[in-house]
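Residue numbers (my numbering), protein chains in the order written: chain F, 223 to 859; chain D, 224 to 684.
Idealized CB from N, CA, C, for every residue including glycine.
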Amino acid sequence: MSDLKFKPFNEMTEADYATVGFKSGLEIHQQVMTSKKLFCRCPAGRYSEKYDAEILRHMRPTLSELGEYDGTALMEFKTKKDIIYRIHRDTVCTYEMDDTPPFEINEEALDISLGIGMLYNLNMVDEVHIARKQYLDGSIPTGFQRTAIVGVDGWIPYKDRKIRIFQLSIEEDACREVSDIGHLRTYLTDRLGMPLIETVTAPDMQTPQEVAEVAQICRRLVRSTGKVRTGIGAAREDVNVSVEGGTRVEIKGVPRIVNIPLLTYNEAMRQWNLLRLREELLRRGITPKSFESKTENVTKLLRKTRYQPIQIAIEQGMVVSCVVLRGFKGLLQWQTQTGTYFSREISDRVRVVACLTTLPNIIHSDSASETIATSEWQAIRKYLGGTDEDTLVIVWGSEQDIKTGAQEIAIRAKEATIGIPSETRQALRDGTNGFERILPGPDRMYPDTDLPPKKISDERLQKIRINLPKPIWENECWYSELKIPKDVIKPLANSPLSSLFELAVKELKINPTLASIALIQYPKRLKRLQKNGKVFDVESLTIIFEAYSNGKIGREGIYTAMREYLSNGKLSIPKKCTEAEIKKIIIESEKDLSKIKLINSEKKIHVQMGIIMNKLRGRIDGVVIAGMIGYVKKGGC
Amino acid sequence: MADDSYKGYRGEALSTLKNFDALVWSDVEIKTANGKYIGIILPRSETADPNHIVLKLRSGYNVGIAARKIEDIQINGRNEAHYKIPEKAFPYDPKKPNVKLLGTGGTIASRLDYRTGAVIPAFTPGELYGSVPELADICNLDTEKLYGVFSENMGPEQWIGTAQAIGREIEKGIQGIVIGHGTDTMHHTAAILSFMVQNSPVPIVMVGSQRSSDRPSSDAALNLQHSVKTAAESDIAEIMVCMFGPTSDIYGLLHRGTRVRKMHSSYRSTFRTIGDIPIAMVSTEKIIPIRQDYKRRRSDKNVVINTAFEEQVSIVYYYPNMKPDIIDSLIDNNYKGIVIAGTGLGHVNKPLYPSLKRAKEKGIAVYMTVQTLWGYVQMYVYDTGRDMMELGVIPGANMLPEVGYMKLGWALGQTNDLEKVREIMMTPIAGEITERETSNGYLIFQGGIPEVEEFISKYRK
């Protein structure tokens with residue numbers, strides 16, 4: 223193993239990441255835009271903190287194929303949580319409560335996911351099989367998520383290579399967590415059951431920046447369909463990270479792509495440092511086999527302590543235990559992430575598994591901060607038969623929780639001698655991550671016996687394919703060739719209007735620059751006129767483009783028509799003016815002009831042009847009028 | 224053709240698999256016009272179409288691939304699933320009561336074979352202990368599988384066999400009996416057992432689950448704990464149904480076997496006592512009786528097992544415009560008893576009268592119950608009722624229609640003398656007819672009403 227020391231985030235180079243063998247892949251969850259949920263007819267996308275009833279459930283692990291409890295399952299069972307679901311009758315029916323079997327899958331959601339699958343160049347499946355993916359944290363009242371693969375084995379282009387897409391599935395969204403304190407976890411159910419697609423990439427990204435960039439491409443790709451939800455929580459990334467010799471660790475629920483680089487950097491650092499910790503343990507002769515720990519109840523030794531958390535705990539009749547980790551001296555202060563130490567790994571486990579959620583939940587003898595008195599440490603060390611080479615970890619709580627807590631301390635310490643545990647970790651605001659649960663094994667997939675397989679016909683796929691936008695990377699290339707303004711290339715490729723652009727340029731023969739500006743910049747300029755979230759739809763814009771193409775309106779008429787559409791909510795294409803009408807207006811303009819005194823008579827024709835265009839703007843191209851009255855604007859076009 | 228090598232496959236899919244010698248459980252790489260797929264070929268459900276092959280991908284997901292698109296199947300190995308429920312010896316503690324679990328075929332405890340989707344019932348004490356270890360804290364459990372049928376296929380043979388098995392266990396001195404049963408007809412079986420097994424000295428508890436036990440949120444484990452606790456510890460020596468009270472994992476209810484009914488097609492809290500209140504509430508901690516007039520546990524081994532049953536009995540669910548041929552066909556097919564679920568207080572239309580008269584003349588026992596489920600038959604209030612009594616229709620008080628059916632079958636199994644049948648029918652044996660209905664026997668809250676909503680919001684559903 224290289225003895226590279228992690229540099230600060232900004233100083234890490236591509237070569238450094240290559241040295242540590244950084245590898246990362248993404249699991250992108252994206253809600254799709256449907257009016258109803260995936261397996262019932264409840265409205266989708268209606269969020270509210272309000273609730274009118276509560277349900278209490280417990281999750282029991284079910285056995286895996288070999289009759290073993292899955293690691294996650296076992297952990298969740300140890301935690302023995304009461305799970306409360308808050309339900310509101312407007313957003314939740316008996317299906318989400320798990321009191322009614324599923325209704326048939328939402329076809330609209332399935333169509334959207336099939337379309338996005340094709341954009342990812344996936345092999346689409348011919349028959350969709352719905353599976354149950356177990357989740358024992360309670361985030362879904364059934365204890366499993368209904369999910370189905372729609373395509374496998376695709377790719378997207380990135381730099382000069384391809385990023386492989388393992389699979390795309392359609393699934394139901396989970397509950398929103400309200401709180402998780404002690405043995406009580408509370409969820410809101412409004413989001414539960416909303417249709418979601420999950421895209422899994424291969425671990426093909428080699429630096430934290432690459433992960434974020436690929437996430438951006440995927441985000442833009444799905445958004446280009448115009449059929450996905452946007453806004454807070456509509457898209458969430460799970461990021462898998464590993465380093466050479468490390469383990470795949472999943473950082474869950476990253477809400478913003480900009481957070482990805484720092485989060486993945488910290489995880490890589492954590493794994494790197496944990497591997498170095500293992501080397502240090504080995505140097506001290508501590509291996510999985512020789513690892514030794516001992517736990518004792520030390521409540522009576524701390525009866526008179528002045529350390530408040532323990533003092534209060536003892537007053538409340540709780541128990542204090544101490545775990546001695548042989549030969550671990552100083553190692554709980556071993557740095558794992560930025561400003562984070564190995565003791566956090568232990569504290570996290572105790573918090574999650576033993577439900578000791580009030581922090582601090584442990585203290586240890588490696589810490590320099592003031593906790594219990596030195597004499598108390600000495601007494602405990604003596605009581606447990608510990609030496610100066612050992613580390614003492616103290617934990618307090620109810621008798622049952624302490625038993626679990628003390629076990630977890632020993633388990634996590636021992637795991638340090640093995641390497642990096644496979645975990646799901648939670649993204650924290652400061653860019654570090656904390657333990658969430660043991661990474662579930664592959665045995666948590668079950669076929670859903672409630673719903674039959676669903677055939678996907680070639681005709682269906684064909685129909686979806688016709689209406690798909692071109693992949694963003696293809697459009698970007700084409701736009702560059704067309705030489706449209708650089709600043710509209712990306713937004714246009716991302717936009718669901720990209721298909722209209724193609725129609726405008728290829729069929730209606732509209733100047734590409736004009737069409738791109740009309741589709742991207744005009745709506746921005748007109749944003750203030752947007753009422754009630756009214757936006758431009760493809761149909762009305764097509765009518766406007768056609769009017770321009772047929773000469774019914776001039777260049778400026780496009781903008782005018784769009785503005786009118788937004789302010790009146792109606793599409794009014796001005797009538798093309800007749801020659802007689804133009805002549806009449808020109809004659810009128812000459813009359814008007816005679817009433818104006820002009821100092822500089824050279825400007826006369828300029829003013830006349832203005833008078834005429836004020837009356838005809840949007841209905842005829844200015845160039846035509848200029849030709850008729852012999853106006854030549856100085857400085858060209 | 225039943226060849227397990229290609230289990231469930233037919234037509235195009237079968238011939239494609241045969242072409243490439245790709246048996247079920249082969250670890251394969253399939254090439255199609257669209258691309259390649261890697262995984263294990265799974266058996267196919269026999270009801271699914273003949274055009275697709277099911278593949279379990281490495282990720283654990285299943286997908287179907289159209290057989291006609293397959294260009295090549297490369298076989299890289301074989302990986303057959305051998306699914307087994309782990310067994311752990313059920314601990315024996317001489318201080319704990321002995322409970323017997325009789326299985327009729329419901330899957331109160333089961334595991335799903337994750338590859339095929341087949342449900343494998345867990346049933347031996349060892350398997351149950353492996354699935355619900357908490358049971359060992361309550362009792363010493365022994366099990367016996369009587370039948371393996373879906374609850375809709377339960378019939379006289381199974382009812383009689385179950386009653387006899389109960390008799391044997393009581394004779395042997397068991398301290399409580401649990402009967403695992405599918406939920407659809409659990410209340411039918413509860414009713415007939417209430418008549419066939421009388422004067423039991425120990426609790427007899429029927430139990431099932433509304434969500435199969437392969438689900439993490441299943442009600443099975445908790446129902447099993449509640450029922451075993453009731454059988455082991457309660458002093459209620461009756462035939463009961465033990466299922467969820469609310470939909471939440473909080474407590475179960477012990478319903479009297481003759482007054483209980485499945486009232487929702489899928490809710491956990493589907494079983495309700497009709498026209499009365501349940502006997503008790505049960506949680507993993509305690510059993511709280513909510514009435515006192517139940518039969519108490521005794522230490523003797525005396526029980527009356529009477530398994531008579533006449534199968535030529537039917538329920539007729541009356542509807543407006545019913546034609547007499549419905550009744551006539553029962554008469555012509557030599558039915559001996561008819562239970563009518565009539566409208567309102569117990570009515571049918573006039574066109575049926577001649578047929579009812581025929582039935583009377585043929586010596587068929589006809590009893591009236593109400594399809595409103597709650598309330599008594601009262602045939603004196605309207606002329607229709609009086610006319611019908613003239614025609615020999617006997618009001619069945621507040622017996623539930625299904626209970627009336629079971630009891631009439633049981634009564635006719637004992638005698639053909641219609642007077643004796645009437646005596647048996649109208650003498651309450653196990654609460655199937657009550658003398659009075661108290662006001663809390665009929666409580667169906669109407670959602671939407673402010674005070675109801677307020678009440679509901681205060682308690683976990």
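### Query
Any Cβ of chain D within less than 8 angstroms of the Cβ of F:Pro662?
As a working note, residue 662 of chain F is residue 440 in the first sequence. Proximity of F:Pro662 to chain D, defined by a Cβ-Cβ separation below 8 angstroms, is not satisfied.
### Task
Could you name the residues that DSSP lists as bridge partners for F:Trp377?
Counting from one through the first sequence, the residue named residue 377 of chain F turns up at place 155. F:Arg386.
### Query
Does the segment 507-517 of chain F come close enough to the segment 541-558 of chain F to have 3 or more Cβ pairs within less than 8 angstroms?
yes
### Query
Are F:Thr421 and F:Ile387 closer than 8 angstroms when you measure CB to CB?
Taking the first residue of the first sequence as 1, we reach residue 421 of chain F at position 199. Taking the first residue of the first sequence as 1, we reach residue 387 of chain F at position 165. Contact: yes.
### Under 9 angstroms by beta carbon: chain D residues contacting F:Arg687
Looking up residue 687 of chain F in the first sequence gives position 465. Near F:Arg687 there are no residues of chain D at all, since even the closest Cβ is about 13 angstroms away, more than 9 angstroms.
### Task
Would you mind stating whether F:Leu248 and F:Leu341 have Cβ atoms separated by less than 8 angstroms?
The sequence position of residue 248 of chain F within the first sequence is 26, counting from 1. The sequence position of residue 341 of chain F within the first sequence is 119, counting from 1. For F:Leu248 and F:Leu341, no; Cβs fall outside 8 angstroms.
### Query
In three-state terms, what does DSSP make of F:Glu185?
Outside the displayed range of chain F (223 to 859) lies residue 185 of chain F, so it cannot be described from this structure.
### Task
Tell me whether F:Asn836 sits in a helix, a strand or coil according to DSSP, three-state version.
Here residue 836 of chain F refers to the residue found at position 614 when the first sequence is read from its first residue. In the structure shown, F:Asn836 sits in a helix (DSSP, three-state: H, G or I).
### Task
Taking only the alpha-carbon atoms, compute the straight-line gap between D:Gly258 and F:Ile327 and give it to the nearest angstrom.
Against the second sequence, residue 258 of chain D aligns to sequence position 35. Against the first sequence, residue 327 of chain F aligns to sequence position 105. Straight-line Cα distance between these residues: approximately 26 angstroms.
### Query
Does any CB atom of chain D fall closer than 8 angstroms to the CB of F:Met346?
As a first step, residue 346 of chain F must be located in the first sequence, where it is residue number 124. So yes, F:Met346 belongs to the interface.
### Query
Applying the criterion that 16 or more other CB atoms from any shown protein chain within 10 Å of the CB defines a buried residue, is F:Leu288 buried or exposed?
Taking the first sequence and counting its residues from 1, the one referred to as residue 288 of chain F is at position 66. With a pLDDT of 44 at F:Leu288, under the threshold of 50, the predicted position of this residue should be treated as unreliable, and no value is reported.
### Query
Where F:Arg666 and D:Tyr284 are concerned, what is the direct C-alpha to C-alpha distance, given to the nearest angstrom?
Taking the first sequence and counting its residues from 1, one reaches residue 666 of chain F at position 444. Taking the second sequence and counting its residues from 1, one reaches residue 284 of chain D at position 61. Answer to the nearest angstrom: the Cα atoms are 10 angstroms apart.
### Message
Quick check: the Cα distance between D:Lys546 and D:Lys485, rounded to an integer number of angstroms?
### Response
The sequence position of residue 546 of chain D within the second sequence is 323, counting from 1. The sequence position of residue 485 of chain D within the second sequence is 262, counting from 1. Answer to the nearest angstrom: the Cα atoms are 29 angstroms apart.
### Message
What does the Cβ neighbour count give for D:Glu350, buried or exposed, with the cut at 16 atoms within 10 Å?
### Response
Locating residue 350 of chain D in the second sequence gives position 127, counting from the first residue. The residue is buried, with at least 16 neighbouring Cβ atoms inside 10 Å.
### Message
Suppose only complete runs of 3+ residues qualify. What are the beta strand (DSSP E) ranges in the segment 338-391 of chain D, listed by chain order?
### Response
Correct list: 342-344 and 363-368.
### Query
At which residues does the alpha helix (DSSP H) containing F:Leu741 begin and terminate?
On the first sequence, residue 741 of chain F is found 519 positions in, with the first residue counted as 1. Pro734 to Arg747 is the span of the alpha helix (DSSP H), which, as asked, contains F:Leu741.
### Task
Give me the Cβ distance between F:Gly360 and F:Tyr409, rounded to the nearest whole Å; I'm assuming they're in contact under 8 angstroms.
Within the first sequence, numbered from 1, the residue matching residue 360 of chain F stands at position 138. Within the first sequence, numbered from 1, the residue matching residue 409 of chain F stands at position 187. About 7 angstroms; that satisfies the 8 angstroms criterion.
#### Entry: Rounded separation between F:Ser591 and F:Arg528 - CA only
What you label residue 591 of chain F is simply residue 369 of the first sequence in a count that begins at 1. What you label residue 528 of chain F is simply residue 306 of the first sequence in a count that begins at 1. Distance from the CA of F:Ser591 to the CA of F:Arg528, rounded to the nearest whole angstrom, comes to 14 angstroms.
### Query
Is it true that the CB of F:Glu349 sits closer than 8 angstroms to the CB of F:Val471?
Along the first sequence, read from residue 1 onward, the residue named residue 471 of chain F stands at position 249. Along the first sequence, read from residue 1 onward, the residue named residue 349 of chain F stands at position 127. No. Outside cutoff.
#### Entry: Range covered by the beta strand (DSSP E) that runs through F:Cys440
Your numbering for residue 440 of chain F matches position 218 in the first sequence. Counting along the chain, F:Cys440 sits inside no beta strand (DSSP E); it lies in the alpha helix (DSSP H) bounded by residues Pro430 to Arg445.
### Query
Which residue comes first and which comes last in the alpha helix (DSSP H) that contains F:Ser512?
Numbered from its first residue, the first sequence carries residue 512 of chain F at position 290. Per DSSP, F:Ser512 belongs to no alpha helix (DSSP H) and is neither H nor E.
### Query
The alpha helix (DSSP H) spanning F:Tyr409 covers which residue range?
Position 187 of the first sequence, counted from the start, is the residue given in the question as residue 409 of chain F. Element bounds for F:Tyr409: not the alpha helix (DSSP H) but the beta strand (DSSP E), Leu406 to Leu410.
#### Entry: F:Leu248, DSSP secondary structure in three states
Numbered from its first residue, the first sequence carries residue 248 of chain F at position 26. Three-state DSSP puts F:Leu248 in a strand.
### Query
Below 8 angstroms between beta carbons: does that hold for F:Leu358 and D:Pro439?
For the purposes of this step, residue 358 of chain F is identified with residue 136 of the first sequence, where counting begins at 1. For the purposes of this step, residue 439 of chain D is identified with residue 216 of the second sequence, where counting begins at 1. In this structure, D:Pro439 lies closer than 8 angstroms to F:Leu358 by Cβ.
### Task
Name, going along the chain, the residues of the segment 462-490 of chain D whose beta-carbon falls closer than 9 angstroms to a beta-carbon of chain F.
Here the close residues are Pro469, Thr470, Ser471, Asp472, Ile473, His487, Ser488, Ser489 and Tyr490.
#### Entry: CA-to-CA distance, D:Pro543 to D:Pro574, given in whole angstroms
Numbered from 1 along the second sequence, position 351 holds the residue referred to as residue 574 of chain D. Numbered from 1 along the second sequence, position 320 holds the residue referred to as residue 543 of chain D. If you take the alpha carbons of D:Pro574 and D:Pro543, they lie about 10 angstroms apart.
### Message
With DSSP as the reference, identify every bridge partner of F:Val254, one or two as the case may be.
### Response
Mapped onto the first sequence, residue 254 of chain F falls at position 32. According to DSSP, which records beta bridges pairwise, F:Val254 is partnered with F:Val450.
### Task
Measure the beta-carbon distance from F:Glu658 to F:Val574 and round it to whole angstroms, keeping in mind my assumption that it falls under 8 angstroms.
In the first sequence, residue 658 of chain F corresponds to position 436, counting from 1. In the first sequence, residue 574 of chain F corresponds to position 352, counting from 1. Correct: roughly 7 angstroms between the Cβ atoms.
### Message
Does the structure place the segment 408-417 of chain D close enough to the segment 623-635 of chain D that three or more beta carbon pairs sit under 8 angstroms?
### Response
yes
### Message
For a cutoff of 8 angstroms on Cβ pairs, would you count D:Tyr712 as touching chain F?
### Response
Absent from the structure is residue 712 of chain D, since the part of chain D shown begins at 224 and ends at 684.
### Message
Considering only DSSP beta bridges, list what D:Met591 is partnered with.
### Response
Looking up residue 591 of chain D in the second sequence gives position 368. Paired residues: D:Ile563 and D:Pro618.
### Task
Verify the CB distance criterion: does D:Asn242 have a CB-CB separation below 8 angstroms to chain F?
Position 19 of the second sequence holds residue 242 of chain D. Judged by the 8 angstroms Cβ criterion, D:Asn242 is not in contact with chain F.
### Query
How is D:Tyr232 classed by DSSP in three states: helix, strand or coil?
For the purposes of this step, residue 232 of chain D is taken as residue 9 along the second sequence, with counting starting at 1. Looking at D:Tyr232 - three-state DSSP - the assignment turns out to be coil, as it is neither helix nor strand.
#### Entry: Of the listed residues D:Ile462, D:Pro320 and D:Glu357, nearest to D:Ala386 (C-alpha basis)
One-based indexing of the second sequence puts residue 386 of chain D at position 163. Closest option to D:Ala386, Cα to Cα, is D:Ile462.
### Residue burial classification, F:Gly832 (beta-carbon count within 10 angstroms, cutoff 16)
By one-based count along the first sequence, residue 832 of chain F stands at place 610. So F:Gly832 counts as exposed.
### Query
Does the beta-carbon of F:Glu630 have 16 or more other beta-carbons within 10 angstroms, so that it is buried, or is it exposed?
Here residue 630 of chain F refers to the residue found at position 408 when the first sequence is read from its first residue. Classification for F:Glu630: buried.
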